[in-house]
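*Asks:* Okay, handing you the structure first.
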Amino acid sequence: MRVGSKRFPESYVLAELFACAARGEGATVEHRRGLGGTAVVYRALEEGAIDLYPEYTGTVAETITHTARADIASLRAALAPRGIGVSEPLGFENTYALATPRPVSERLGLVRVSDLGAHRGLRVGLSHEFMGRADGWKGLTTTYAIAFDDVRGMDHAVAYEALAAGSIDVMDVYTTDAKIARMGLTVLRDDRRFFPPYEAVFLYRLDRAARDPRLAASLARLAGKVDARRMASANARTEIDGVPDAQAGAELFSEIEGGAAPGRAAVVRPGFWRGSFAAVAQHGPRHAMLVGVSLALSTFVGVPLGVLARTRRRLGAAVMAVSGLVQTIPSLALFCFFVPVLGIGPLPALAALFLYGLLPVVRNTHAGLVSIPAPTLEAATAIGLSPRERMRHVELPLAARTILAGVKTSAIVGVGTATIAAFVGAGGLGEPISTGLSLNDTQMILHGAVPAALFALLVQALFAVVERLIVPRALRA
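Counting from 1 along the sequence shown, just add 406 to a position and that's the residue number in our numbering.
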């Protein structure tokens with residue numbers, strides 16, 4: 407079975423909780439961790455890339471079914487024609503809320519969301535998904551008739567750090583977030599009942615459940631067993647104690663099964679270099695594949711396009727413009743653009759990396775060819791070479807150093823850009839970076855970032871060797 411999760415700690419833990427239950431039923435489980443936001447993970451479910459993932463009823467109603475009712479029966483009726491089922495509730499709600507540091511709430515008398523109306527000058531930091539949802543910031547400000555002068559979008563984990571540093575005064579939280587109690591935050595009461603119920607459930611593929619009764623049996627073992635206290639405690643194990651989400655999920659499963667809960671032993675984290683080597687061993691091959699395949703595609707397509715831009719100027723101008731236009735698209739947006747067509751995994755990542763790698767190759771191929779002195783070209787023509795022979799035997803060899811520089815630039819940029827592939831389920835060294843961002847764990851982020859930087863240096867060194875082998879001695883600097 408393949409269980410997916412969204413990119414935040416509670417989703418990781420719930421996916422691991424299901425994995426424990428399914429293994430107890432004799433199933434083999436793969437956890438596809440941190441695939442992205444709701445749209446990406448649900449798309450993966452629809453396409454069969456995963457079999458189930460944890461979700462919340464309010465999110466299903468708002469983002470997926472677009473219905474006013476968020477009760478289980480209504481959601482099942484709406485999703486069944488799509489081949490998607492909804493499990494029984496796990497036993498807790500994780501709704502949105504607004505929170506402030508206790509000193510701020512005590513100083514301003516903030517208890518309810520409606521109390522914010524008198525304090526327009528408060529600085530607000532919100533997760534991007536909350537800002538864009540109708541059942542998020544837009545609807546909340548309309549319902550409560552509140553407005554603020556300073557509202558910023560940021561990653562959810564970063565918002566907690568900004569709140570602790572005093573950079574913002576209000577943020578959106580999930581009510582089972584472990585950091586609420588740790589930081590002593592005041593959660594403002596939703597006195598106008600704006601937020602719908604957000605019961606935790608699993609969305610699953612009905613065809614997989616029909617083929618494998620162990621899926622339904624595993625979900626039945628979890629139904630109604632996870633209350634808010636247990637979930638918050640499990641979240642604290644990952645966010646505060648620093649245990650792996652797999653361990654937190656296993657501890658939670660032991661607790662709800664009534665067995666002996668594992669001891670809360672101190673977590674021994676691997677050293678920086680040991681953790682980095684482990685990240686390279688686990689994610690390095692996938693990262694190298696993404697960079698290598700996309701670079702090969704960019705080179706095999708980009709060099710002919712550069713030649714075309716040199717020989718046919720009007721068409722070449724269009725080629726240069728289009729390849730340059732791709733560079734203006736934000737990286738994550740381009741990766742996600744291909745998800746509806748290619749699904750999640752390596753394919754959308756390879757497509758995006760291929761397009762990003764085109765411009766340096768095309769531009770340098772064109773630049774290398776147009777920089778060849780006219781007398782050299784005239785001499786080649788004078789000895790009877792056809793245009794094709796002249797291109798093959800004279801122009802391309804003379805432009806080889808410039809072309810290779812473009813390929814090298816494409817490769818180095820690709821090493822860095824490929825870290826974003828983790829956000830569409832393609833893996834690579836972006837995996838520890840993505841997980842570290844969701845947990846606000848700097849060391850985990852560096853476990854992916856440092857190897858990626860070293861990988862880029864290695865690529866640069868390899869191209870120095872290739873240049874000596876390919877570029878004629880007389881053309882080297």
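Cβ atoms here follow ideal geometry from the backbone N, Cα and C, with glycine treated the same way.
Looking only at its chain, what residues have a beta carbon closer than 6 Å to the beta carbon of Ala832, apart from the 5 residues adjacent to it on each side?
*Replies:* Counting only Cβ-Cβ distances below 6 Å, and skipping sequence neighbours, we find Gly751, Pro752, Ala755.
*Asks:* By how many angstroms is the C-alpha of Leu765 removed from the C-alpha of Leu612?
*Replies:* The straight-line gap from Cα to Cα measures roughly 44 Å.
*Asks:* So what does DSSP say about Ala565, is it helix, strand or coil?
*Replies:* Correct three-state label for Ala565: helix.
*Asks:* Can you check the region 433–507 for any beta strand (DSSP E) of at least 3 residues that lies completely inside it and give the ranges in chain order?
*Replies:* Segments of the beta strand (DSSP E) lying fully in the region 433–507: 436–438, 458–462, 490–492, 502–507.
*Asks:* Look at the Cβ atom of Gly836, then the Cβ atom of Thr848, and state whether they are nearer than 8 Å.
*Replies:* No, the pair does not count as a contact, with Cβ atoms beyond the cut-off.
*Asks:* For Leu835, which of helix, strand or coil comes out of DSSP?
*Replies:* Three-state DSSP puts Leu835 in coil, outside helix and strand.
*Asks:* Run through the DSSP bridge pairs and tell me what Ala540 is partnered with.
*Replies:* DSSP output for Ala540 lists no bridge partner at all.
*Asks:* Once the 5 residues before and after Ala788 are set aside, which same chain residues still bring their CB inside 6 Å of it?
*Replies:* So no residue of the chain qualifies.
*Asks:* Opposite Ala747 in the DSSP bridges: which residues?
*Replies:* Sequence inspection shows Val at residue 747; the Ala mentioned does not correspond to that position. Paired residues: none, contrary to the question.
*Asks:* Exposed or buried, His689, counting other C-beta atoms within 10 Å across all chains shown (16 or more means buried)?
*Replies:* It counts as buried.
*Asks:* What's the C-alpha gap between Leu481 and Thr463?
*Replies:* Cα to Cα, Leu481 sits roughly 8 Å from Thr463.
*Asks:* Counting only the same chain and skipping the five closest in sequence on each side, list residues whose C-beta sits under 6 Å from that of Ile851.
*Replies:* Cβ neighbours of Ile851 beyond the five flanking positions: Ile839, Gly842.
*Asks:* Per the contact definition of three or more C-beta pairs closer than 8 Å, is the region 467–478 in contact with the region 592–608?
*Replies:* Yes, the region 592–608 is in contact with the region 467–478.
*Asks:* Among Phe760, Met797, Arg769, whose alpha-carbon lies nearest the alpha-carbon of Thr808?
*Replies:* Checked all of Phe760, Met797, Arg769; the closest Cα to Thr808 is Arg769.
*Asks:* Starting from the C-beta of Gly527, find all residues in its chain whose C-beta is less than 7 Å away, skip the five residues before and the five after it, and write them out in chain order.
*Replies:* Only Asp555 meet the Cβ criterion.
*Asks:* So, for Val865: in the same chain, excluding its five sequence neighbours on each side, which residues have a beta-carbon less than 7 Å away from its beta-carbon?
*Replies:* Ala817, Ile818, Val821, listed in sequence order.
*Asks:* Three-state secondary structure (DSSP) at Glu431?
*Replies:* In this structure, Glu431 counts as coil in the three-state DSSP scheme.
*Asks:* By DSSP, does Leu864 sit in helix, in strand, or in coil?
*Replies:* Here Leu864 sits in helix by DSSP.
*Asks:* Return the CA-CA distance between Val707 and Ser777, expressed in angstroms with no decimal places.
*Replies:* For Val707 and Ser777, the distance between alpha carbons rounds to 21 Å.
*Asks:* In the DSSP assignment, what residue or residues form a beta bridge with Arg578?
*Replies:* Here residue 578 turns out to be Asp, not Arg, going by the sequence shown. Answer is Leu504.
*Asks:* Going by beta carbon distance, what residues of the same chain come within less than 7 Å of Ala855, once the five residues before and after it are set aside?
*Replies:* Excluding residues within five positions, the ones whose Cβ falls inside 7 Å are Ile839.
*Asks:* Can you have a look at Ala666 and say buried or exposed, based on whether 16 or more other CB atoms are within 10 angstroms of its CB?
*Replies:* With a pLDDT of 44 at Ala666, under the threshold of 50, the modelled position of that residue is not reliable, and the figure given next carries that caveat. Exposed, because fewer than 16 other Cβ atoms sit within 10 Å of the Cβ of Ala666.
*Asks:* Would you give the residue range spanned by the beta strand (DSSP E) that Arg595 belongs to?
*Replies:* Element bounds for Arg595: n/a, residue is neither H nor E.
*Asks:* Which residue's Cα is closest to the Cα of Leu441: Glu422, Phe414, Gly430?
*Replies:* The residue with the shortest Cα to Cα distance from Leu441 is Phe414.
*Asks:* Can you tell which of Leu810, Ala859, Asp541 has the C-alpha that lies nearest to the C-alpha of Thr473?
*Replies:* Answer by Cα proximity: Asp541.
*Asks:* Using 8 Å as the threshold, is the C-beta distance between Ala500 and Ala427 below it?
*Replies:* Looking at the sequence shown, residue 500 is not Ala but Asn. Their beta carbons are not under 8 Å apart, which means Asn500 does not touch Ala427 by this criterion.
*Asks:* Taking the C-alpha atoms as reference points, what is the distance between Thr471 and Glu453?
*Replies:* If you take the alpha carbons of Thr471 and Glu453, they lie about 17 Å apart.
*Asks:* Checking the sheet assignment: what are the DSSP bridge partners for Ala606?
*Replies:* Its beta-bridge partners are Tyr462.
*Asks:* How long is the line joining the alpha carbons of Leu701 and Trp679, rounded to whole angstroms?
*Replies:* Whole-angstrom Cα-Cα distance: 28 Å.
*Asks:* On the DSSP bridge list, what partners appear for Val557?
*Replies:* Paired residue(s): Val530.
*Asks:* Of the choices Ala786, Val709, Ser729, Ala421, whose alpha-carbon is the least far from that of His772?
*Replies:* Considering only alpha carbons, the answer is Val709.
*Asks:* Excluding the five sequence neighbours on either side, which residues of its own chain have a C-beta within less than 7 Å of the C-beta of Arg716, listed in chain order?
*Replies:* These residues qualify, in order along the chain: Gly722, His772, Leu775, Val776.
*Asks:* Using the C-alpha atoms, what's the distance from Leu810 back to Glu873?
*Replies:* Going from the Cα of Glu873 to the Cα of Leu810 covers about 7 Å.
*Asks:* Rounding to the nearest angstrom, what Cα-Cα distance links Arg518 and Arg595 in this structure?
*Replies:* Spanning the two alpha carbons is a distance of roughly 4 Å.
*Asks:* Buried or exposed for Pro781, going by 16 or more other Cβ atoms inside 10 Å?
*Replies:* Answer is exposed; the Cβ neighbour count stays below 16.
*Asks:* Output the distance between the C-alpha atoms of Leu759 and His525, rounded to the nearest integer angstrom.
*Replies:* Approximately 46 Å between the Cα atoms of the pair.
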